[in-house]
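Quick notes on the structure that follows.
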Amino acid sequence: MKDLIRAALAVLIVSALLMWANAELGKSAGKAGADTITVYNWGEYLDPDLLKEFTKETGIRVVYETFDSNEAMMTKIQQGGTSYDIAIPSEYMIEKMKENDLLIPLDHSKIPNLKHIDPYFLDLPFDPGNEFSIPYFWGTVGIAFNPELLDGDYDFSSWEDLWDPALRQKVILVDSAREVIGMGLNSLGYSLNSTDEKELDEASEKLATLAPNVKAIIGDEIVEMMQRKEAAIALTWSGQAADMMSVNEELDYAVPEEGSNLWFDNMVIPKTAANVDGAHKFINFMLDPEVAAQNADWVGYSTPNKDALDLMDPELVDDERYYPDEEIRDHLEVYRNLGPEMLGDYNERFLKFKMEMN
Amino acid sequence: MAGTGKGQKLFLGLVFLILYAPIFFLIFYSFNSGGTMTSFESFTWEHYAAVFEDTRLIMIVFNTVIVALLSSLLATTIGVLGALAIVYMKNRKLRSTLLSLNNVLIVSPDVIIGASFLILFTALGVKLGFTSVLVSHVAFSVPIVVLMVLPKLLEMSNSLIDAARDLGASGKDVLTRVIIPYIKPGIFAGFFLALTYSLDDFAVTFFVTGNGFSTLSVEIYSMARAGITLTINALSGLLFIVTVGLVLGYYALNRRSKTLFTGVKR
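Following this line, the structure appears as structure tokens:
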């Protein structure tokens, strides 16, 4: 009995020591008692040094948490029990969160740095007048490929290139219904927000003929597979392509001319926010050109901050693969929230497509 | 096992190789200056330095350990009392019902436990964070402790208790000086099993974390979604070394005072 009590005491003492150490660490990370904000972001999507700088500048401590999908993020916010002050969802999720009344309207007078954002990225259909959201990063959906692993000269300026019989078992697709069905629609010249059953049927049929060329349909592992030369061609997002290229310089990225998806991740203030004022300060801080430039450099996606571009490596900014000019952008479409019914239809078609693979 | 032949030794070696190779592969690349696990460039400590510089990561490691220690301590206390109650219950029907309910919790998937806790906490208005994680960890550890302690209690002969009673022991004496020392190995086993369950639990924790509180498994998961960085390797390497150290320490302690864990009354 004595040993048991002694062991239990030891456990309690160790826990207490660790708690004390944690409190001390928390203090050194930011000023004790200062107000805090909680930022809920995608993993590896913000330069941690900037959080420290924000604390130094404003005295507000940042609690940083990460999520891995728009859906998981929305569930956590909807369930309550959390107090996220900033979240960074993609555009279609913002429409959905607006419908569910999960967002707090922004006070633009507290965000003077908004003037640095390229007007092209403001006032978009998913959030007219930027009432609820401020663009954070943007990018495209396209084809990453490794010319060294391909016989022949491909530039993937057309989706049609993917259907080339010579590319048997060479293409990997990202495991995401909107991207894959969207590619099918785009390759036929239709809108990737199509709700026309006939167009969707055509796209499904077209996709089914791609089956012999598809090697795999996977998630984030795409990046490593491309880096390790285990695959030659991948349907992916521009940021992931940038990740791949930072390790394997043989790789290239192209956005086909028929059109593709243009996406945005945006900063919003969820209804659960406890420190709305601090959240506005954080948004304003992130829009500062120097901060935005440093962040874009660290993350590797494209920034919508036009004044930050002047501070960045010109070689990167002039790279049409990451910063396509407006003419190309006009071919691109932003996802619209199609409603649960249509989304279910997309998902079902995608599932059927995946089943046809086997 | 009478006489291990060459073939058997070879097989054993192979099994251990397969079990440990991934871990050593991971640790090997934690010293890679190249930044990926594709090719080894040169030796560096930089990823280990990155672990220690990242205060958030260290706080998460501490949180994980605190939750594991406290939840297994609480679960052991509750579990031992529960096992005692089950064994010394007069009503046979109630007893077998309780035991089945306990076993159902062990086999039910973590995802369902996690989801139901999330619903419960939100319904009660409990803020997600340290408390919610601790409570749910206690909950899934209790059945394990019960299961570890129960066999010890069942194998204990009733005449031990009768003898103690004959010699004038009070109810309290019987519990603290006869029963508990006898089942001590079970209690320790239950505690350590609960500890390991809590340390590596992902599914339940994933649902009930929030408000800046996170444990290691959940954090590594969200880090890995964005591509494995070698910081994860370095951290895993450190944890592996600490675990090996703990196991060695446990054996050293065990050898020195055999009585501590074998439960022979001193």
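Protein chains in written order, with the numbering used here: chain A, 206 to 563; chain B, 603 to 868.
Think of the CB as a built atom: it goes at the ideal place given N, C-alpha and C, for glycine as much as any other residue.
As the structure is a prediction and not an experimental result, all values here were calculated from the model.
- Between L675(B) and chain A, the shortest Cβ-Cβ separation is below 8 Å.
- Taking a C-beta cut-off of 8 Å against chain B, the contacting residues of the region 216-227 of chain A are V216, L217, V219, S220, L223, M224, A226, N227, listed in chain order.
- In terms of Cβ geometry, V376(A) and K320(A) do not form a close pair [threshold 8 Å].
- For S338(A), the enclosing beta strand (DSSP E) begins and ends at 338-350.
- Within the same chain, Cβ atoms closer than 7 Å to the Cβ of A677(B) are found at V740, S743, V744, V747, A796, the five residues on either side in sequence being excluded.
- Put simply, the backbone Cα of K559(A) is about 11 Å away from that of I423(A).
- When C-beta atoms of the region 285-296 of chain A are compared with those of the region 471-489 of chain A, three or more pairs fall below 8 Å, so the two segments count as touching.
- Taking every protein chain shown into account, the CB of V849(B) has fewer than 16 other CB atoms within 10 angstroms, so this residue is exposed.
- I291(A) sits in a strand when the DSSP states are folded into three classes.
- Considering only E365(A), R526(A), L251(A), the residue with the shortest C-alpha distance to W442(A) is R526(A).
- Interface residue (Cβ-Cβ distance to chain B less than 8 Å): G248(A) is classified as such.
- For R383(A), no beta strand (DSSP E) encloses it; the enclosing alpha helix (DSSP H) starts and ends at 382-392.
- Cβ atoms of I785(B) and L755(B) come within 8 Å of each other, at about 6 Å.
- Take Y506(A), set aside five residues on each side of it, and the residues of its chain with a beta-carbon closer than 6 Å to its own are F342, G344, G444, in chain order.
- Rounded to whole angstroms, the Cβ separation of Y395(A) and A408(A) is 7 Å, and the two are in contact under 8 Å.
- For E304(A), the enclosing alpha helix (DSSP H) covers residues 296-304.
- For S816(B), a Cβ of chain A is located within less than 8 Å of the residue's own Cβ.
- No Cβ of chain A is located within less than 8 Å of the beta carbon of L614(B).
- Contact residues of the region 793-825 of chain B toward chain A are G812, N813, G814, S816, S824, M825 (C-beta to C-beta distance below 7 Å).
- Chain A places a beta carbon closer than 8 Å to that of I660(B), counting this residue as a contact.
- Close CB contacts of T833(B) within its chain, under the 7 Å cut and outside five residues either way in sequence, are with H649, A652, V653 (chain order).
- By the Cβ test, the region 816-825 of chain B is in contact with the region 798-808 of chain B, since at least three Cβ pairs between them sit closer than 8 Å.
- Around I714(B), no beta-carbon contact reaches into chain A at under 9 Å, the shortest distance being about 16 Å.
- Exclusion of the five residues before and after V780(B) leaves L762, I763, A766, A771 as the residues of its chain whose Cβ lies within less than 8 Å of its Cβ.
- If you draw a 10 Å sphere on the C-beta of H485(A), you find 16 or more other C-beta atoms in it, and that means buried.
- In the DSSP assignment, I488(A) falls within the alpha helix (DSSP H) that extends over 481-492.
- Within chain A, the residues whose beta carbon sits less than 7 Å from that of P783(B) are M206, listed in sequence order.
- Residues of chain B whose Cβ lies closer than 7 Å to the Cβ of Q284(A) are, in chain order, L720, T724.
- Per DSSP, reduced to three states, the secondary structure at W368(A) is helical.
- Under the Cβ criterion of 8 Å, Y458(A) is not counted among the residues facing chain B.
- Taking a cut-off of 8 Å on C-beta distances, the region 369-387 of chain A does not touch the region 518-525 of chain A, as fewer than three cross pairs fall below it.
- Around P417(A), the same chain offers P370, R373, Q374 as residues with beta carbons nearer than 8 Å, after the five sequence neighbours per side are excluded.
- When DSSP states are grouped into helix, strand and coil, A478(A) belongs to the coil group.
- For R779(B), the chain A residues whose C-beta falls within less than 8 Å of its own C-beta are M206, listed in chain order.
- For Y458(A), the secondary structure class from DSSP, reduced to helix, strand or coil, is strand.
- Residues of the region 640-658 of chain B with a C-beta atom less than 8 Å from some C-beta of chain A are T640, D656, T657, R658, listed in chain order.
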